[in-house]
Amino acid sequence: MDTKIYKINRENIEIDKIKEAADLIKAGNLVVMPTETVYGLGADGLNSEACKKIFEAKNRPSDNPLILHISSIEEINDLVSGINDNAKILAKNLWPGPLTMIFKKSKKIPDIVTAGGDTVAIRMPKDKIARAFIKACETPIAAPSANISGRPSPTNADDVYFDMNGKVSLIIDGGDSDIGIESTVIDMTEKDPVILRPGFYTYEYIREFIPNVKLDDSLVDDNKIPRSPGQKYRHYAPKAKMKVFVGKNAASRIEKEAEKYYNKRDRVGILAFEEDKLKFSNYTFISLGDRDNLEEMSHVLFTALRLLDKNGVDIILAEGVPDKELGKSIMNRMKKSASGNVEYL
Ligand code: TXA
Ligand code: MG
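Going from the sequence shown to my numbering is simple: count from 1 and add 6.
Have a look at this one:
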């Protein structure tokens, strides 16, 4: 399959290109769309055959359900069997945005979308291109992150192309994703809603709107098994082995470790904060930005992991952050990237 790429200007969205992309979706094809979190691998969410292509293109396990993306609140009514007050509060305050809510599904939703379950995940993205595209498709867009399963989610069209060339009809290139990590996923079907995947909207922030929100046990205790299917798999993983260090002396510790690997003739990749750059001038270094700018860190994390792979490093030594607020969402990804290889100093 020939994969086309259309660059679209967010400030002046070319409607003919959007219409062409929507026609591809209506004909049952795959189209990658930019969103404010990461790029999404889109198909008509009410067409089982089209959704099947998503699982094939990503090599995604069939027990991992998909998120349906909508362009306006009204579109949800057909997709879910009810919306409780907590969900109404979050929808009113945080949609459009990096928030996915899980509801009891309506009869309209194909089994392949929910992996056979009775709940469905819905998100209304903030990205203007995404919403113009979904609206033109006149159907909810099923879209997981546009990476091969297990790899870091793509946050720009080049990273999408690397994984999806020849597997999708079109990639809509909207530039770099603003946020860089995926949406916060909350199960709204419980009396006390449960955060299954932390994202840009943190537990601390969501609690301001719905004080009874809880964190899934697996997000409090690393030894507990996550409830969300997608959270169970090895994920966000670079090809290289990765180790994460967190704490006051992390940078010095990484410096020592780097030397050890270097002496074994391993190619070392470093992911650390800008202020420590000089310590690592002998190695492939990618900056996570300023230590206290967690938004910058989430913005660059996945691209950085992919860049280190492209550089062919054997080992990635990375500095992590404390497990709270946006740091919790970042560490959720880093722990999985490193297969749990995290040391707290
Ligand atoms: O930011 C995002 O959410 C991006 C963009 C493209 O919107 N999408 C994304 O999709 O990250 P994906 O498929 O890579 O991750 C969706 C997560 C998975 O962990 C999946 O298991 C979970 O949401 N999920 C989906 N439906 C669910 C359901 N009904 N119950 C529990 N978890 C669900
Ligand atoms: Mg994903």
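For every residue, glycine included, the Cβ atom is placed at its ideal position computed from N, Cα and C.
### Query
Would R312 pass as a contact of R157 if the rule is Cβ separation under 9 Å?
Taking the sequence shown and counting its residues from 1, one reaches residue 312 at position 306. Taking the sequence shown and counting its residues from 1, one reaches residue 157 at position 151. Cβ distance < 9 Å, so R312 and R157 count as in contact.
### Query
Taking contact to mean at least 3 C-beta pairs separated by less than 8 Å, is the stretch 38 to 50 in contact with the stretch 139 to 155?
Flag = yes, the stretch 38 to 50 and the stretch 139 to 155 touch.
### Message
So, for V219: in the same chain, excluding its five sequence neighbours on each side, which residues have a beta-carbon less than 6 Å away from its beta-carbon?
### Response
Residue numbering aside, residue 219 sits at position 213 when the sequence shown is read from its first letter. P199, I212 and R213.
### Task
With DSSP collapsed to three states, give me the class of S224.
Start at 1 with the first residue of the sequence shown, and residue 224 comes out as number 218. Three-state result, S224: helix.
### Task
Assuming V126 contacts I115 (C-beta within less than 8 Å), just tell me the rounded distance between them.
In the sequence shown, counting from the first residue as 1, residue 126 sits at position 120. In the sequence shown, counting from the first residue as 1, residue 115 sits at position 109. Yes, they are in contact, since the Cβ atoms of V126 and I115 sit about 5 Å apart, within 8 Å.
### Message
Considering just the uninterrupted stretch of the beta strand (DSSP E) at A127, what are its terminal residues?
### Response
Here residue 127 is taken as the residue at index 121 of the sequence shown, counted from 1. Looking at the DSSP string, the run of the beta strand (DSSP E) that includes A127 is T125 to R129.
### Query
Thinking just about the alpha-carbon of each residue, which of G123, R16, G34 and S54 is nearest to the one in R233?
Along the sequence shown, one-based indexing puts residue 233 at 227. Checking every option, the nearest Cα to that of R233 belongs to G123.
### Query
Looking at C-alpha atoms only, which residue of G181, P104, Y289 and T190 is the closest neighbour of Q237?
Residue 237 sits at position 231 when you count from the first residue of the sequence shown. Here the closest residue by C-alpha is T190.
### Task
Enumerate, from N- to C-terminal direction, the unbroken alpha helix (DSSP H) stretches of 4 or more residues contained entirely within the stretch 225 to 277.
As far as the stretch 225 to 277 is concerned, its whole alpha helix (DSSP H) runs of at least 4 residues are 235 to 238 and 256 to 269.
### Message
Within a Cβ cutoff of 8 Å, which residues of the same chain sit near G318, ignoring the five residues on either side of it in sequence?
### Response
Here residue 318 refers to the residue found at position 312 when the sequence shown is read from its first residue. The residues are R273.
### Message
In whole angstroms, give me the CA-to-CA distance for K197 and P217.
### Response
Counted from its first residue, the sequence shown places residue 197 at position 191. Counted from its first residue, the sequence shown places residue 217 at position 211. Their Cα atoms are separated by approximately 12 Å.
### Chain-order list of residues whose beta-carbon lies under 7 Å from that of I24 (same chain, five-residue window excluded)
By one-based count along the sequence shown, residue 24 stands at place 18. The residues are A138, F139 and A142.
### Message
Am I right that T145 and D50 are in contact with their C-beta atoms under 8 Å? What's the rounded C-beta distance?
### Response
As a working mapping, residue 145 is identified with position 139 in the sequence shown. As a working mapping, residue 50 is identified with position 44 in the sequence shown. Their Cβ separation, rounded to whole angstroms, is 5 Å, which keeps T145 and D50 in contact under 8 Å.
### Message
Let me confirm a value: I231 is counted as buried when at least 16 other C-beta atoms fall within 10 Å, else exposed. Which label applies?
### Response
As a working mapping, residue 231 is identified with position 225 in the sequence shown. By the beta-carbon neighbour count (other beta carbons within 10 angstroms, threshold 16), I231 is exposed.
### Query
Would the beta-carbon of I73 fall within 9 Å of that of I128?
Your numbering for residue 73 matches position 67 in the sequence shown. Your numbering for residue 128 matches position 122 in the sequence shown. Cβ atoms of I73 and I128: closer than 9 Å.
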